[in-house]
Amino acid sequence: MDNGGDVHVAMDGNLDHQHRCSAGDCPLFYDPVYFLPKSQVDEVRQRINTACKHPLQQYKVTIPDKAVDQCKTSYEAADGKKQKVLMDSFDDTSIMVLICCHDIPIFFANIDTPGKQQKYSMALIEHFISFVPL
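The sequence shown: position 109 = 250 (this note's numbering), numbered continuously.
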């Protein structure tokens, strides 16, 4: 397709799915193939941290200030104080989900650190792209 993308996906975090630390692990009765392993997400975090140490590149894309401001004010997970309370009781505080354009979940990542973090989205995108034929 010359005029646009062939694949359309979206992501969102669901803050209602949590796992209590005191509940322990359930018996293994299935292979969670749709959940990215924590090690995979942490490896992406390391690469992001390394990239952040380099000077910023200048881009010529202009994003309207209003769009940036609305995004900042509507993002609940950015409140680290609220997440800190959850982290004391839960080992997974929510789930980041990659969905197709029909709202069908494709892959998941357990969110286990407070605040907004790129590592979950980047890990999901990289994992998804590894299945897309070139």
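By construction, the Cβ of each residue, glycine as well, lies at the ideal position given by its N, Cα and C atoms. A quick note: this is a predicted structure, and the numbers were derived from the prediction, not measured.
| query | result |
| --- | --- |
| Presumed contact (8 Å Cβ cut-off) between Met-237 and Val-185, rounded CB distance | Contact flag wrong, Cβ pair sits at about 12 Å. |
| Residue of Ser-271, Gly-154 and Thr-203 minimising C-alpha distance to Pro-246 | Gly-154 |
| Residue environment, Tyr-261, which counts as buried when at least 16 other CB atoms sit within 10 Å | buried |
| Pick from Ile-270, Val-273 and Gln-258 that is closest to Asp-183, judged by C-alpha positions | Gln-258 |
| Collapsed DSSP secondary structure at Val-148 in the structure displayed | coil |
| Neighbour-count burial assignment, Ala-250, 16 or more Cβ in a 10 Å radius | buried |
| Leu-156 versus His-195, Thr-254, Phe-272 and Ala-164, residue with shortest Cα-Cα distance | Thr-254 |
| Helix, strand or coil at Val-226 [DSSP, three-state] | Unreliable positioning characterises Val-226 in this predicted model, as indicated by a pLDDT of 48, which lies under 50. A coordinate reading is not provided. |
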